[in-house]
Structures are given as structure tokens and as C-alpha cells.
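Data block below; observations after.
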Amino acid sequence: GQQVMQIPQYQHVQEGEDFTTYCNSSTTLSNIQWYKQRPGGHPVFLIQLVKSGEVKKQKRLTFQFGEAKKNSSLHITATQTTDVGTYFCAGPAGGATNKLIFGTGTLLAVQP
Amino acid sequence: DTEVTQTPKHLVMGMTNKKSLKCEQHMGHRAMYWYKQKAKKPPELMFVYSYEKLSINESVPSRFSPECPNSSLLNLHLHALQPEDSALYLCASSLSATSHEQFFGPGTRLTVL
Numbered sequence: 001g002q003q004v005m006q007i008p009q010y011q012h013v014q015e016g017e018d019f020t021t022y023c024n025s026s027t028t029l030s031n032i033q034w035y036k037q038r039p040g041g042h043p044v045f046l047i048q049l050v051k052s053g054e055v056k057k058q059k060r061l062t063f064q065f066g067e068a069k070k071n072s073s074l075h076i077t078a079t080q081t082t083d084v085g086t087y088f089c090a091g092p093a094g095g096a097t098n099k100l101i102f103g104t105g106t107l108l109a110v111q112p
Numbered sequence: 001d002t003e004v005t006q007t008p009k010h011l012v013m014g015m016t017n018k019k020s021l022k023c024e025q026h027m028g029h030r031a032m033y034w035y036k037q038k039a040k041k042p043p044e045l046m047f048v049y050s051y052e053k054l055s056i057n058e059s060v061p062s063r064f065s066p067e068c069p070n071s072s073l074l075n076l077h078l079h080a081l082q083p084e085d086s087a088l089y090l091c092a093s094s095l096s097a098t099s100h101e102q103f104f105g106p107g108t109r110l111t112v113l
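Line by line, the protein sequences are chains A and L.
If you count the first sequence from 1, position 55 lands on 55 in the numbering used here, and the numbers rise without skipping.
If you count the second sequence from 1, position 86 lands on 86 in the numbering used here, and the numbers rise without skipping.
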């Protein structure tokens, strides 16, 4: 079945360092969404990318959708302690646009 | 109102109990979802309701029974659960069932003894 993998599984950085998580799907995606889940919290939507090669920025966060629409990345510049949490990418499963497959997630720890 | 609420926050139940999880949203969303999330794992889709009709059941065991009484409410009825069903149960909603961002509730932390 369709799989969405993320690397790394875990990243520990010093505050101020950059961070990147990579998302790879076994199939082409019509779009990709990113969610953040704080420890003990629930997933919160960050962004959706639709176009091949699309790049979007939200303050210190940069999201990219690959040209083949099978991979995506999230880059955080100058991490802060508020960035701590698990970042999930998610894409529609096959032709079922109402079924999201979540990536395996990357847990980010930021040391002050 | 831009939030999804879930009750209860925590639930401990025995394997012979019957309980229900409740989810509510007042954003006018027409798609609602139940997810199960184990520790350090991504959310796994269980059910999708679109316009109050069940559109996806991810081969969930019958001991989980969803119900959508109206466009704002979603229930998950639990009966004869197993200890391995202990998890965080998340409800989510989206404007429609086609590739829209999903708003998640805070979840119900379920422990089955």
C-alpha cells in the first residue's frame, strides 16, 4: 500500500540552529499537507502545497513540494524552543482525496 | 468558533464496558473524521463521514461503532475493547472531504484495562 516516510525520525538541535525534515511518498501526491503536534497536543495544520516545485514560506518555516510531487521538505531557520514537537507530512491516499496518509513524523527537540 | 471539541479528555474502561466518545464542531464543516494515534506514531484514519454519511471505514473492528447524528456532532461508541485499543483518539473536521486542511480536536486519551 501507499507509504509516506519521513527522515530523520528524531532531531536534537541547539536553539538557533536550522532544521530540515524530509518527506517521501511511494506514490505521486495531488497535494501535501504539513502538521505540527506539540508534546501532549494534537496535530495542527501548517500548510498545504499543491503545485509541482511549489515553495511557500511562513516566517522562519520554508516548505517545498518536489517536482515529481512525491517528496516534500520543511526547513526551519534559527530554531526556537517553541518549535519543539513532531512534524508530520500528509498526503491523500490514491484517488481518495478525503483520506489522508500521515508520514512517520519527525520529532524535533530544541535545547535552549 | 474555530475549534473542535472532544469529550471526555481521559477515559479508563474495562473490557466489558460500553462507552462513547463525543466530538463537536461549529465551523460548518461537512466532513468529520476519527483517527487513532499510538504513542510516537502518526494518526491512523479510522472513519470518514461526509455530509453525515459514512464514506470510509478503514476496516476497523466492529467493537468501534461511529455515529454522526448531525453535521456538527460525531460519536464513537466503544464496546468490548481490548487493551491494545488503548490510544489517543482524535476527531477532526474539514470544510469538505476533498483535500482541505483538517482541524483536529484535543483528543480522548483512552485506557482499556
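Ideal Cβ placement from N, Cα and C applies to all residues, glycine included.
Predicted, not measured: the structure shown is a model, and the values here were computed from it.
Next item on the list: Could you work out which residue in A:Val44, A:Gln80, A:Lys51 and A:Arg60 is closest to Phe102 (chain A) when comparing CA atoms only?
Entry: Taking the first residue of the first sequence as 1, we reach residue 102 (chain A) at position 102. The candidate whose alpha carbon is nearest that of Phe102 (chain A) is A:Val44.
Note to self: Output needed in chain order: residues of the segment 86 to 103 of chain L with a Cβ under 9 Å from some Cβ in chain A.
What the structure shows: Leu88, Leu90, Ala92, Ser94, Ser96, Ala97, Thr98, Ser99, His100, Glu101, Gln102 and Phe103
Notebook entry, point to check: Can you tell me whether DSSP reads Thr20 (chain A) as helix, strand or coil?
Noted result: Reading the first sequence from its first residue, position 20 is the one you call residue 20 (chain A). Looking at Thr20 (chain A) - three-state DSSP - the assignment turns out to be strand.
Note to self: Please list, in chain order, the chain A residues whose beta carbon lies closer than 7 Å to that of Gly117 (chain L).
What the structure shows: Chain L is shown from 1 up to 113; residue 117 (chain L) falls before or after that span and cannot be answered.
Item checked: CA nearest to the CA of Ala78 (chain A), picked from A:Gln14, A:Phe63 and A:Gln2 -> Numbered from 1 along the first sequence, position 78 holds the residue referred to as residue 78 (chain A). Ranking the options by Cα distance to Ala78 (chain A), first place goes to A:Gln14.
Item checked: Alpha carbon of Gln48 (chain A) to alpha carbon of Glu101 (chain L), nearest angstrom -> Locating residue 48 (chain A) in the first sequence gives position 48, where the first residue counts as 1. Locating residue 101 (chain L) in the second sequence gives position 101, where the first residue counts as 1. Straight-line Cα distance between these residues: approximately 7 Å.
Next item on the list: Note the first and the last residue of the continuous beta strand (DSSP E) segment covering Met46 (chain L).
Entry: Counting from 1 along the second sequence, the entry for residue 46 (chain L) is found at position 46. Where Met46 (chain L) is concerned, the enclosing beta strand (DSSP E) stretches over Glu44 to Ser50.
Checklist line | Own chain, CB closer than 7 Å to Gly53 (chain A), minus 5 neighbours either side, in chain order | finding: Taking the first sequence and counting its residues from 1, the one referred to as residue 53 (chain A) is at position 53. Cβ within range, chain order: Phe65 and Glu67.
Check: Straight-line CA distance for Cys68 (chain L) to Gly16 (chain A)?
Finding: Counting from 1 along the second sequence, the entry for residue 68 (chain L) is found at position 68. Counting from 1 along the first sequence, the entry for residue 16 (chain A) is found at position 16. So the alpha carbons of these two residues sit roughly 46 Å apart.
Next item on the list: Determine the closest residue to Lys19 (chain L) out of L:Lys38, L:Pro66 and L:Ser55, with distance taken between C-alpha atoms.
Entry: Counting from 1 along the second sequence, the entry for residue 19 (chain L) is found at position 19. Ranking L:Lys38, L:Pro66 and L:Ser55 by Cα distance to Lys19 (chain L) puts L:Pro66 first.
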